[in-house]
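Undergrad:
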Amino acid sequence: MSDDVTSVTLDEAKEMESQTDWEALEEKTDEEIREAVESDPDAHFLDEEWFENAVLVNPSAEKERISIRLDEDILEFFRAGGKGYQSRINKVLREYIAVQKHKRGDAHEGN
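Following full-length UniProt numbering, the numbering of the sequence shown begins with 1 at its first residue and continues without gaps.
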C-alpha cells in the first residue's frame with residue numbers, strides 16, 4: 001500500500017470530485033477489469049471462495065469504554081497489526097463467545 005495516505009472527514013470526502021474515469025471503465029470488459037485487479041498488489045479480488053468464507057459481523061451500536069489489564073505480549077501482538085488493534089481484540093473476544101455459545105447449543109441467541 002502507498003505511504004502517501006491522506007485523511008479526510010466524511011463531509012470532506014463527499015465534497016471531493018471523483019477521480020474515476022467512468023467512461024474508460026465502462027468500455028472495459030469484465031476480463032480486463034479482472035486482470036487489472038489481479039495485477040494490483042493493493043487490490044484483492046473477491047472470488048467465490050472469499051464469499052463462502054466471509055463472516056457477517058453485526059457490531060453493537062454502542063461500545064463501552066473500560067480499563068482492562070492484558071499481558072504485555074498479548075498487547076504487543078495486537079498493536080503490531082497497526083491501527084484498529086482494539087477492534088481486533090474485540091473480534092477475537094466475539095469469536096470466543098460464538099464458540100462457547102455453539103458448544104452450549106445456543107449459537108443463535110444474540111450476537
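Note that beta-carbon positions come from the ideal geometry of N, C-alpha and C, so glycine has one too.
1) What residue range is occupied by the uninterrupted alpha helix (DSSP H) comprising residue 102?
2) For residue 64 and residue 104, what's the separation of their Cα atoms in angstroms?
3) Alpha carbon to alpha carbon, what distance is there between residue 30 and residue 39?
4) Using alpha carbons as the reference points, say which of 55, 42, 72, 90 lies closest to residue 62.
5) From the DSSP output, in three-state form, read off residue 45 for me.
TA: Inspection of the coordinates gives the following:
1) 85-104
2) 26 Å
3) 14 Å
4) 90
5) coil
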